[in-house]
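Data first, discussion second: the structure below is written as structure tokens.
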Amino acid sequence: MRELGSSQPTAVELEILRILWELGPSPVRDIHARLNEAKGTNYSTTVKMLSVMLTKGLVKRDEKATPLVYRAAMTRERAAKKFLTELIEKVYDGSAMSLVLQALASGKASKHEIEEARKLLDEMEGKS
933 MRELGSSQPT AVELEILRIL WELGPSPVRD IHARLNEAKG TNYSTTVKML SVMLTKGLVK
993 RDEKATPLVY RAAMTRERAA KKFLTELIEK VYDGSAMSLV LQALASGKAS KHEIEEARKL
1053 LDEMEGKS
């Protein structure tokens, strides 16, 4: 369950952020076109979602542009780091290794991903 007033994006908000990361700064009609294609969302819902995201600090709006242009408030990389850090703190009591072990134990890691993880661990230990 999400905390009241959480800045953590909902699933639809995350979809909008993905659209903005892909398109860059965009007017509502461009964001809506993509969201409607993926989710069948109506225009007023897209506008409302952007308004909520603006209040949460997830997006920024260029008030001088006509039509109004929205952009993600942070890069995908920065958002991923922030959300991952919060996940590690809240779910894994601050243990990044617990998260990594859980992810690898899920059985969804490909052989290539396991090799990459092994290579990274070797580099971290100074074996490379």
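For the sequence shown, the residue numbers in this note's numbering are 933 to 1060.
The C-beta atom is built at its ideal place from N, Cα and C for all residues, glycine as well.
Just to confirm before moving on: does the CB-CB distance between residue i and residue j stay below 8 Å?
{"i": "K992", "j": "R1003", "result": "yes"}
{"i": "E947", "j": "A970", "result": "yes"}
{"i": "V1001", "j": "P941", "result": "no"}
{"i": "A1049", "j": "L1036", "result": "yes"}
{"i": "I963", "j": "L952", "result": "yes"}
{"i": "M981", "j": "E1018", "result": "no"}
What are the boundary residues of the alpha helix (DSSP H) that includes residue i?
{"i": "Y1024", "result": "Neither: Y1024 is in no alpha helix (DSSP H) and is coded neither H nor E."}
{"i": "K996", "result": "It is not in any alpha helix (DSSP H) - K996 carries neither H nor E in the DSSP assignment."}
{"i": "A1028", "result": "1028-1037"}
{"i": "N974", "result": "Counting along the chain, N974 falls outside any alpha helix (DSSP H), and DSSP gives it neither H nor E."}
{"i": "K1043", "result": "1043-1057"}
{"i": "L955", "result": "943-955"}
Given a threshold of 16 other Cβ atoms within 10 Å of its Cβ, counted over all protein chains shown, does residue i qualify as buried or as exposed?
{"i": "I1046", "result": "exposed"}
{"i": "R966", "result": "buried"}
{"i": "H1044", "result": "exposed"}
{"i": "M985", "result": "buried"}
{"i": "L1052", "result": "exposed"}
Going along the chain, which residues of its own chain have a beta-carbon closer than 8 Å to the beta-carbon of residue i, five neighbours each way excluded?
{"i": "P999", "result": "P959, V960, R961"}
{"i": "K1014", "result": "M1006"}
{"i": "A1028", "result": "I1020"}
Beta-carbon within less than 7 Å of residue i's beta-carbon, same chain only, minus the 5 sequence neighbours each way: which residues are those?
{"i": "G1026", "result": "I1020"}
{"i": "A1005", "result": "G989, L990, V991, K992"}
What residues in its chain sit with their C-beta under 6 Å from that of residue i, if we drop five residues either side in the sequence?
{"i": "L1031", "result": "I1020, Y1024"}
{"i": "D994", "result": "V1001"}
query = Just checking, does the stretch 965-984 make contact with the stretch 1021-1041 on the three C-beta pairs under 8 Å criterion?
reply = no
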